[in-house]
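Going from the sequence shown to this note's numbering is simple: count from 1 and add 2. Ideal Cβ placement from N, Cα and C applies to all residues, glycine included.
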Amino acid sequence: MEFTEAYKQTGPCCFSPNSRYVAVANDYRLVIRDTFSFQVVQLFSCLDKISYIEWALDSEYILCGLYKKPMIQAWSLTQPEWTCKIDEGPAGISYARWSPDSRHILTTSEFQLRLTVWSLLNTACVHVQWPKHGSKGVSFNKDGKFAAICTRRDCKDYVNLLSCQSWEIMGSFAVDTLDLADLEWSPDDSSIVVWDSPLEYKVLIYSPDGRCLFKYQAYECGLGVKTVSWSPCGQFLAIGSYDQMLRVLNHLTWKTFAEFLHLSTVRAPCCAAIFKEIDEPLQLDMSELSLDDNFMPSNYDAPEGFISVRYEVMELPVAFPFQKPLADKPNPKQGVGLLAWSKDSQYICTRNDSMPTALWIWDMQRLEVAAILVQKEPIRAAVWDPTCTRLLLCTGSSHLYMWTPSGAFCVCNPLPDFSITDLKWNIDGSCLLLKDKDAFCCATVPPLPESSDYSSDDD
3 MEFTEAYKQT
13 GPCCFSPNSR
23 YVAVANDYRL
33 VIRDTFSFQV
43 VQLFSCLDKI
53 SYIEWALDSE
63 YILCGLYKKP
73 MIQAWSLTQP
83 EWTCKIDEGP
93 AGISYARWSP
103 DSRHILTTSE
113 FQLRLTVWSL
123 LNTACVHVQW
133 PKHGSKGVSF
143 NKDGKFAAIC
153 TRRDCKDYVN
163 LLSCQSWEIM
173 GSFAVDTLDL
183 ADLEWSPDDS
193 SIVVWDSPLE
203 YKVLIYSPDG
213 RCLFKYQAYE
223 CGLGVKTVSW
233 SPCGQFLAIG
243 SYDQMLRVLN
253 HLTWKTFAEF
263 LHLSTVRAPC
273 CAAIFKEIDE
283 PLQLDMSELS
293 LDDNFMPSNY
303 DAPEGFISVR
313 YEVMELPVAF
323 PFQKPLADKP
333 NPKQGVGLLA
343 WSKDSQYICT
353 RNDSMPTALW
363 IWDMQRLEVA
373 AILVQKEPIR
383 AAVWDPTCTR
393 LLLCTGSSHL
403 YMWTPSGAFC
413 VCNPLPDFSI
423 TDLKWNIDGS
433 CLLLKDKDAF
443 CCATVPPLPE
453 SSDYSSDDD
């Protein structure tokens with residue numbers, strides 16, 4: 003892997019959908035860099051510090067959320083002189099997103115008073131009253147023709163279906179939830195999944211015309227659903243719960259066909275490879291050196307660069323560090339808080355927040371755990387390669403960690419004082435964006451060979 007130099011950032015960073023550009027927030031400035039040369043191709047000045055950025059799907063426009071102001075500014079890469087400013091006045095703006103056609107912006111006001119659709123082609127705007135959430139509760143189907151928007155009125159949750167061409171409400175139906183948490187279209191556009199707040203375990207599958215296809219409730223009298231995700235193929239629905247279990251439903255009968263428990267201790271028999279991150283000080287041959295005792299101070303510490311890490315395959319049984327959640331604090335750190343599918347839907351990775359240093363990788367063909375990665379620090383992010391079966395994760399250290407079906411290994415970031423706290427792929431899987439607290443860099447990722455055996459040492 004090859005790394006670029008570090009560039010300053012003070013907020014969000016993201017690749018454009020066509021992978022040609024990377025947008026970076028630097029205080030009130032929006033910097034657009036070319037992903038090949040990393041030269042600045044556009045520089046836009048906003049009216050306040052940038053809190054959020056999002057590219058339009060055609061990569062021609064980009065919006066900036068100035069939520070402290072609060073307002074939205076949009077810019078055009080092809081027409082730098084073109085500008086757009088959206089200000090809701092006293093209603094404020096809590097969130098903004100692009101429509102699939104890249105010519106409309108949807109904003110949600112403070113206190114969820116209304117959702118407004120703004121057109122970049124004319125001055126028309128459409129209002130949807132009482133949206134349920136600010137940043138959640140809106141989902142577009144795959145071809146971008148319809149939007150499902152959650153609303154709440156008269157103490158009941160509803161799903162409104164809007165046409166993304168006329169923005170007229172095509173239909174509306176009530177859903178059987180106490181406090182709807184979110185919703186998502188299935189990848190094949192045949193159904194919509196809706197799930198309740200953590201206080202009520204309830205997952206509901208609806209057809210677009212409002213028929214309830216299935217109601218799933220794994221248990222009662224306990225904190226319920228924490229994460230939900232469709233597989234890319236649309237055949238599976240994964241549900242992560244506060245009881246530390248991952249459940250997978252199939253799209254034909256909506257029955258549970260797999261239940262995976264995150265055990266604090268893994269014992270035999272188990273076919274999974276368990277990789278543990280360990281320190282490995284570099285072995286330096288000092289036999290030919292003669293140094294005066296006064297040359298090096300007694301309190302000298304070796305710099306971090308002299309410590310490398312690698313994975314060691316553990317023998318069973320293996321016990322993982324476990325954190326008991328505090329009973330007197332809300333939103334306990336337990337349950338499946340991270341859940342992500344591989345591109346081919348064969349693998350799914352999870353993190354049980356009670357064991358934040360362990361990442362579990364499940365094989366959906368064999369219906370068993372394929373590998374477990376045990377890190378020294380809590381896992382911050384884990385993302386799958388969008389083109390092949392390759393998983394990368396970070397823990398806030400200077401290293402990247404990679405897993406493929408062939409094995410796991412560590413990659414050292416050569417940039418000094420750069421701790422990787424977040425990472426994102428571009429759409430073709432050739433480049434990776436790495437974020438530090440106040441800087442970012444990119445790394446080129448070589449394509450995965452057809453068959454290879456990786457070692458666990460640093461690359």
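Would you kindly work out how many angstroms separate the C-alpha atoms of residue i and residue j, rounded to a whole number?
i: Lys-70; j: Ala-93; result: 13 angstroms
i: Ala-220; j: Glu-261; result: 11 angstroms
i: Gln-325; j: Glu-370; result: 24 angstroms
i: Arg-31; j: Pro-14; result: 12 angstroms
i: Lys-426; j: Cys-16; result: 8 angstroms
i: Val-311; j: Asn-415; result: 12 angstroms
i: Leu-293; j: Pro-283; result: Any reading at Leu-293 needs caution, since the residue's pLDDT is 47, under 50, leaving its predicted position unreliable; the model's value is listed next. About 21 angstroms.
i: Gln-44; j: Arg-35; result: 7 angstroms
i: Lys-378; j: Ala-126; result: 54 angstroms
i: Asp-295; j: Ala-445; result: At Asp-295, the pLDDT of 47 sits below 50, so the modelled position is not reliable; the number obtained from the coordinates is stated separately. If I take the Cα positions, the gap works out to 42 angstroms.
i: Phe-38; j: Pro-72; result: 34 angstroms
i: Asn-301; j: Pro-451; result: Because the pLDDT at Asn-301 is just 42, under 50, the model does not fix this residue reliably, and the value given afterwards should be weighed accordingly. Each residue's alpha carbon lies about 46 angstroms from the other.
i: Leu-254; j: Leu-225; result: 27 angstroms
i: Val-205; j: Tyr-218; result: 5 angstroms
i: Met-3; j: Trp-405; result: 15 angstroms
i: Leu-394; j: Gln-246; result: 23 angstroms
i: Cys-86; j: Ser-168; result: 21 angstroms
i: Asp-440; j: Thr-258; result: 44 angstroms
i: Cys-433; j: Phe-442; result: 13 angstroms
i: Asp-159; j: Leu-239; result: 22 angstroms
i: Gln-336; j: Leu-417; result: 34 angstroms
i: Ala-329; j: Gly-398; result: 27 angstroms
i: Lys-331; j: Glu-170; result: 43 angstroms
Going by CA-CA distance only, name the one from the options that's closest to residue i.
i: Tyr-9; options: Val-320, Cys-157, Phe-420 and Trp-232; result: Phe-420
i: Leu-435; options: Gly-13, Thr-12 and Val-24; result: Val-24
i: Glu-202; options: Cys-444, Met-366 and Leu-180; result: Leu-180
i: Leu-409; options: Ile-363, Pro-334, Asp-440 and Pro-418; result: The sequence given here has Gly at residue 409, not Leu. Nearest C-alpha to Gly-409: Ile-363.
i: Val-42; options: Arg-22, Pro-449 and Ser-400; result: Arg-22
i: Met-172; options: Asn-354, Val-385 and Phe-148; result: Phe-148
i: Met-366; options: Pro-380, Ala-360, Tyr-349 and Trp-84; result: Tyr-349
i: Tyr-54; options: Asn-28, Gln-114, Glu-62 and Ser-61; result: Asn-28
i: Leu-248; options: His-135, Cys-86 and Lys-228; result: Lys-228
i: Leu-117; options: Met-357, Thr-352, Arg-154 and Gly-337; result: Arg-154
i: Ile-207; options: Gln-246, Trp-256 and Pro-200; result: Trp-256
i: Ser-199; options: Leu-79, Leu-375 and Asn-333; result: Asn-333
i: Thr-391; options: His-401, Ala-372, Gly-398 and Pro-271; result: Ala-372
i: Tyr-244; options: Leu-341, Glu-170, Pro-271 and Ile-280; result: Leu-341
i: Gln-81; options: Cys-273, Phe-46, Ile-88 and Tyr-97; result: Phe-46
i: Lys-278; options: Trp-386, Trp-77 and Leu-361; result: Leu-361
i: Trp-77; options: Tyr-63, Gly-67 and Ile-88; result: Tyr-63
Apart from the five residues just before and just after residue i, which ones in its own chain have a Cβ nearer than 7 angstroms to its Cβ?
i: Thr-389; result: Lys-345, Asp-430 and Gly-431
i: Leu-462; result: Here the chain has residues from 3 to 461 only, and residue 462 is not among them.
i: Phe-2; result: Summary: the structure shown does not reach residue 2, with the chain confined to residues 3 through 461, and so no result is reported for it.
i: Glu-222; result: Tyr-203
i: Pro-2; result: Beyond the ends of the chain as shown, which are 3 and 461, falls residue 2; an answer cannot be given.
What are the start and end residues of the beta strand (DSSP E) that includes residue i?
i: Lys-217; result: 214-218
i: Glu-186; result: 182-187
i: Leu-263; result: 258-263
i: Ser-141; result: 140-142
i: Phe-420; result: Per DSSP, Phe-420 belongs to no beta strand (DSSP E) and is neither H nor E.
i: Val-227; result: 227-232
i: Tyr-349; result: 349-354
i: Cys-433; result: 433-437
i: Leu-425; result: 424-427
i: Trp-386; result: 383-386
i: Val-177; result: No beta strand (DSSP E) contains Val-177, which DSSP labels as neither H nor E.
i: Tyr-208; result: 205-208
i: Thr-406; result: 401-406
i: Thr-6; result: Counting along the chain, Thr-6 falls outside any beta strand (DSSP E), and DSSP gives it neither H nor E.
When the cut-off is 8 angstroms and only beta carbons count, does residue i lie next to chain B?
i: Ile-171; result: In the structure shown, chain B does not exist; there is a single protein chain.
Below 8 angstroms CB to CB, which residues in the same chain sit around residue i once its five sequence neighbours on both sides are set aside?
i: Pro-189; result: Lys-144, Trp-232, Ser-233, Pro-234, Cys-235 and Gly-236
i: Asp-424; result: Arg-382, Ala-383, Cys-396, Leu-436 and Lys-437
i: Thr-267; result: Pro-319, Val-320, Ala-321 and Phe-322
i: Gly-339; result: Lys-228, Thr-229, Gly-242, Arg-353, Asn-354 and Asp-355
i: Cys-166; result: Ser-101, Pro-102, Asp-103, His-106, Phe-142, Gly-146, Lys-147, Phe-148 and Ala-149
Looking only at its chain, what residues have a beta carbon closer than 6 angstroms to the beta carbon of residue i, apart from the 5 residues adjacent to it on each side?
i: Met-298; result: Because Met-298 carries a pLDDT of 40, less than 50, the predicted location of this residue cannot be relied on, and no value is offered for it.
i: Asp-191; result: Asn-143 and Lys-144
i: Ala-58; result: Trp-100 and Ser-104
i: Ala-270; result: Leu-318
Practice task
Decide if the stretch 312-328 is in contact with the stretch 209-217; the criterion is three or more beta carbon pairs, one per stretch, under 8 angstroms apart.
Solution key: Result no; under three Cβ-Cβ pairs closer than 8 angstroms.
Problem - Contact the stretch 134-141 vs the stretch 163-177: 3+ CB pairs below 8 angstroms - result: With fewer than three CB-CB distances shorter than 8 angstroms, the stretch 134-141 does not count as touching the stretch 163-177.
Practice task
Specify whether the stretch 109-123 and the stretch 72-92 touch according to this definition: at least 3 beta carbon pairs, one from each stretch, less than 8 angstroms apart.
Solution key: The stretch 109-123, when compared against the stretch 72-92, does touch it at the 8 angstroms Cβ threshold.
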